[in-house]
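Below you'll find the structure, written out as structure tokens, and then a few comments.
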Ligand SMILES: [Zn+2]
């Protein structure tokens, strides 16, 4: 499994030109912001003992250009110099990736085996769920989860999503539900619980290769699949 990537960019002539242009704009912006800070320092510094109130005129104190001030001012920069608008920032993508890594770590700190539905992300992306699926970056998250699980010596297992929502997690009977039915109510064994919890138990059982066909009730405590007690997880 690949856990690190190395890229070699081969930009076309036009792309190389654009990259140069962007780097140049960013360089100018960086230098301008740096000079703002130097200028502020030069115009406000004063050896505290040798400033005569008689001979020195006291200039109004200028607001110190700190990070937040300069960041706000970038909006003005984009107004004045529209070429800056064409630079694409990776802020959102990076934040999302960061969130994915943190979420994966939280899960792997807590659990040794994680099962997830092997959702057809590309297929779902063509339906009306498309926006939320693509926005959340599900497949990217699952890639990270599987990769991190591997390096932590744990398991993240994709399971076939067929029937995970419809089947009873206790007795295996198929209880048809529409997307609006939020509750699982089994008329055979009497199991009553949230549809998502029912589906989650099915996924867990599939992940550890346990079929629930007319099987006895699956206890959360067995097979070491329950949440690890804090006492042990902090010591390990
Ligand atoms: Zn049942």
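Residue numbers (my numbering): -15 to 220. Think of the CB as a built atom: it goes at the ideal place given N, C-alpha and C, for glycine as much as any other residue.
Going along the chain, which unbroken runs of the beta strand (DSSP E) with 3 or more residues stay wholly within the stretch 143 to 179?
List check, beta strand (DSSP E) in window: 167 to 169, 176 to 178.
Using a threshold of 8 Å, state whether the C-beta atoms of residue 103 and residue 122 are closer than that.
Counted from its first residue, the chain shown places residue 103 at position 119. Counted from its first residue, the chain shown places residue 122 at position 138. Cβ distance < 8 Å, so residue 103 and residue 122 count as in contact.
At the level of alpha carbons, what is the spacing between residue 157 and residue 147?
Walking along the chain shown from the start, residue 157 turns up at place 173. Walking along the chain shown from the start, residue 147 turns up at place 163. For residue 157 and residue 147, the distance between alpha carbons rounds to 10 Å.
Short check: CB of residue 139 to CB of residue 98, under 8 Å?
In the chain shown, the residue the question calls residue 139 occupies position 155. In the chain shown, the residue the question calls residue 98 occupies position 114. In this structure, residue 139 lies near residue 98, with their beta-carbon atoms less than 8 Å apart.
Taking 7 Å as the cut-off, is the beta-carbon of residue 187 closer than that to any non-hydrogen atom of ligand 1?
Residue numbering aside, residue 187 sits at position 203 when the chain shown is read from its first letter. No, ligand 1 has no heavy atom inside 7 Å of this Cβ.
Which value, in whole angstroms, describes the spacing of the CA atoms of residue 198 and residue 186?
As a working mapping, residue 198 is identified with position 214 in the chain shown. As a working mapping, residue 186 is identified with position 202 in the chain shown. With a pLDDT of 34 at residue 198, under the threshold of 50, the modelled position of this residue cannot be trusted; read the value that follows with caution. Approximately 13 Å, taken between the alpha carbons.
Which of the three DSSP states is assigned to residue 196 in this structure?
Stepping through the chain shown from its first residue, residue 196 is reached at position 212. Low per-residue confidence applies at residue 196: pLDDT is 46, beneath 50, and the placement is therefore not dependable, though the value from the model is reported in the following sentence. Coil at residue 196, not helix or strand.
Would you call the CB atoms of residue 172 and residue 152 closer than 8 Å?
If you number the chain shown from 1, residue 172 lands on position 188. If you number the chain shown from 1, residue 152 lands on position 168. Taking 8 Å as the Cβ cut-off, residue 172 and residue 152 qualify as a contacting pair.
Using the rule of at least 16 other Cβ atoms within 10 Å of the residue's Cβ for burial, across every protein chain shown, is residue 75 buried or exposed?
By 1-based counting over the chain shown, the position of residue 75 is 91. Exposed.
When we look at the beta-carbon of residue 120 and count the other beta-carbons within 10 Å, is it buried (16 or more) or exposed?
As a working mapping, residue 120 is identified with position 136 in the chain shown. Classification of residue 120: exposed, given that the 10 Å Cβ count is below 16.
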